[in-house]
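Chemist: Quick one: structure below, then a few questions.
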Amino acid sequence: MFPAAIAVLQEDCLVDYRDTLDVMDEATLARRLQHCEGVISQLTDPITASVLNAAPKLRIVAQVAVGIDNIDLAAATARRIVVTNTPGVLTDSTADLTFALLLATARRLSAAERYLRDGKWQRWDIDLLVGTDVHGQTLGIVGFGRIGQAVARRASGFGMRVLCATRTPPPSHLLQELRVQHVPLDTLLINSDFVSLHVPLSAQTHHMIGIDQLARMRRSAILINTARGPIVDEAALTAALEEGMIAGAGLDVFEAEPKVQEGLLQLPNVVLLPHIGSATVATRTRMCVLAAENCATMLRGERPANPVNPQVLA
Ligand code: NAP
Ligand code: GLV
Numbered sequence: 198m199f200p201a202a203i204a205v206l207q208e209d210c211l212v213d214y215r216d217t218l219d220v221m222d223e224a225t226l227a228r229r230l231q232h233c234e235g236v237i238s239q240l241t242d243p244i245t246a247s248v249l250n251a252a253p254k255l256r257i258v259a260q261v262a263v264g265i266d267n268i269d270l271a272a273a274t275a276r277r278i279v280v281t282n283t284p285g286v287l288t289d290s291t292a293d294l295t296f297a298l299l300l301a302t303a304r305r306l307s308a309a310e311r312y313l314r315d316g317k318w319q320r321w322d323i324d325l326l327v328g329t330d331v332h333g334q335t336l337g338i339v340g341f342g343r344i345g346q347a348v349a350r351r352a353s354g355f356g357m358r359v360l361c362a363t364r365t366p367p368p369s370h371l372l373q374e375l376r377v378q379h380v381p382l383d384t385l386l387i388n389s390d391f392v393s394l395h396v397p398l399s400a401q402t403h404h405m406i407g408i409d410q411l412a413r414m415r416r417s418a419i420l421i422n423t424a425r426g427p428i429v430d431e432a433a434l435t436a437a438l439e440e441g442m443i444a445g446a447g448l449d450v451f452e453a454e455p456k457v458q459e460g461l462l463q464l465p466n467v468v469l470l471p472h473i474g475s476a477t478v479a480t481r482t483r484m485c486v487l488a489a490e491n492c493a494t495m496l497r498g499e500r501p502a503n504p505v506n507p508q509v510l511a
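When the letters of the sequence shown are read in order and numbered with the numbering used here, they come out as residues 198 to 511.
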């Protein structure tokens, strides 16, 4: 946590702060939370039913992230524990990183930099590290919430045609304003040069992109994932990239972070980042402060700003 957020908590709460980088397992978390009324969690913390049940006084889980797939929401709701997240404050930084990753993958920036640093650059060459154009291409956005829309705004600056596939159809005024066409997922996969994922991880979206979906994509297409690793079947993706079923991938998230499949690490046509979508000082500070405010507000007996299960507060 950034110090500004600890300070917010210390105004109202007795703070038990764990200032180490190793991830706590369920047993350690359960032991640590047994007397706590609130917890500030990170996306690496397994807030499972057994952890929640070991914390009889717990009233709020305030997550420092917008994704909450590490938290058993149903178990928290059943125990009338409020879960909050940090939506909005990280939207633009994550959309910036998504676009940076898309550009880096299309124009082979990581391979080019490695080539130069390895001392291999001898001369300008007509086909040296040639990549794929981004301008004028079609971008398919899967999940059209805050980050998906922010990516669409960036794409329009690059003169891209934008398609989106969603579960709930977006309002037509939004599609018109952003000049985005709403299509079924299969249509998006068949017609996009770039496919970027922006759905939350859930039972519905787990392995939403598997071998069948990859087979529908163009052989020249690039897949970008800054949402959550398990939305993509990573073994299928590795095989698809090895076989040239698609041209490349830019990944900020992985199925078993921080482990990355050996096959992916060996591939030249992927750009791999260690889950840094929202990682700017300003954004990470805002996320920490917002989570601290959600927690402190709840423990003062007031309504926190970002409940994910507001029915608990009714
Ligand atoms: P959001 O505003 O809630 O947008 C998610 C969108 O996905 C919603 O429009 C939702 O629409 C749609 N959706 C949900 N389930 C779907 C399904 N089964 N099929 C199609 N669409 C579906 O969330 P956000 O703020 O944009 O964040 C999106 C995700 O990005 C987060 O959950 C998080 O996992 C990830 N993220 C990653 C990083 C990073 O560091 N790499 C940073 C921030 C966020 P409906 O529910 O209305 O259908
Ligand atoms: C980061 O991955 C988030 O969900 O905020």
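By construction, the Cβ of each residue, glycine as well, lies at the ideal position given by its N, Cα and C atoms. Just so it is clear, the structure is predicted and the values come from calculations on it, not from any experiment.
Asn422 and Asp390 look like a contact to me (Cβ under 8 Å); what is the Cβ gap, rounded to whole Å?
Modeler: That belief does not hold up - the Cβ atoms of Asn422 and Asp390 are roughly 16 Å apart, past 8 Å.
Chemist: Who are the Cβ neighbours of Ala251 in its own chain at under 7 Å, not counting the five residues just before and after it?
Modeler: Same-chain partners within the cutoff: Ala227, Leu230, Gln231.
Chemist: Check whether the Cβ of Val230 lies closer than 7 Å to any heavy atom of the ligand GLV, and answer yes or no.
Modeler: Contrary to the premise, residue 230 reads as Leu rather than Val in this sequence. No - the ligand GLV has no heavy atom lying nearer than 7 Å to the Cβ of Leu230.
Chemist: What would DSSP say about Leu510, mapped onto helix, strand or coil?
Modeler: In the structure shown, Leu510 sits in a helix (DSSP, three-state: H, G or I).
Chemist: May I ask you to list the residues that DSSP assigns as paired with Leu420?
Modeler: DSSP, once it has assigned bridges, lists Val392, Ala446 as partnering Leu420.
Chemist: Would you say the beta carbon of Leu287 is closer than 7 Å to some non-hydrogen atom of the ligand GLV?
Modeler: Yes.
Chemist: Do Val331 and Leu300 count as a contact pair if the criterion is CB distance below 8 Å?
Modeler: Yes; because the gap between Cβ atoms is below 8 Å, this pair is in contact.
Chemist: Run through the region 346-379 for me and flag every whole alpha helix (DSSP H) of 4 or more residues, listed as ranges in chain order.
Modeler: Whole alpha helix (DSSP H) segments, 4+ residues: 369-375.
Chemist: Taking three-plus beta-carbon pairs below 8 Å as touching, is the region 379-399 in contact with the region 335-344?
Modeler: Yes: at least three Cβ pairs fall under 8 Å.
Chemist: Determine the direct distance from the alpha carbon of Ile387 to that of Glu454, and round the result to whole angstroms.
Modeler: Approximately 29 Å between the Cα atoms of the pair.
Chemist: Does Val220 have its Cβ less than 8 Å from a Cβ in chain C?
Modeler: Looking for chain C here will not work: only one protein chain is present.
Chemist: Whole angstroms is fine: what's the gap from Asn282's alpha carbon to Gln260's?
Modeler: For Asn282 and Gln260, the distance between alpha carbons rounds to 5 Å.
Chemist: Report the rounded CA-to-CA distance for Thr295 versus Ile473, giving the unit in angstroms.
Modeler: Cα-Cα distance, rounded: 10 Å.
Chemist: What's the gap between the Cα of Ala511 and the Cα of Arg500?
Modeler: Between Ala511 and Arg500, the C-alpha separation is close to 10 Å.
Chemist: Going by the CB atoms, is the gap between His395 and Val339 shorter than 8 Å?
Modeler: Yes, the Cβ-Cβ distance between Val339 and His395 is below 8 Å.
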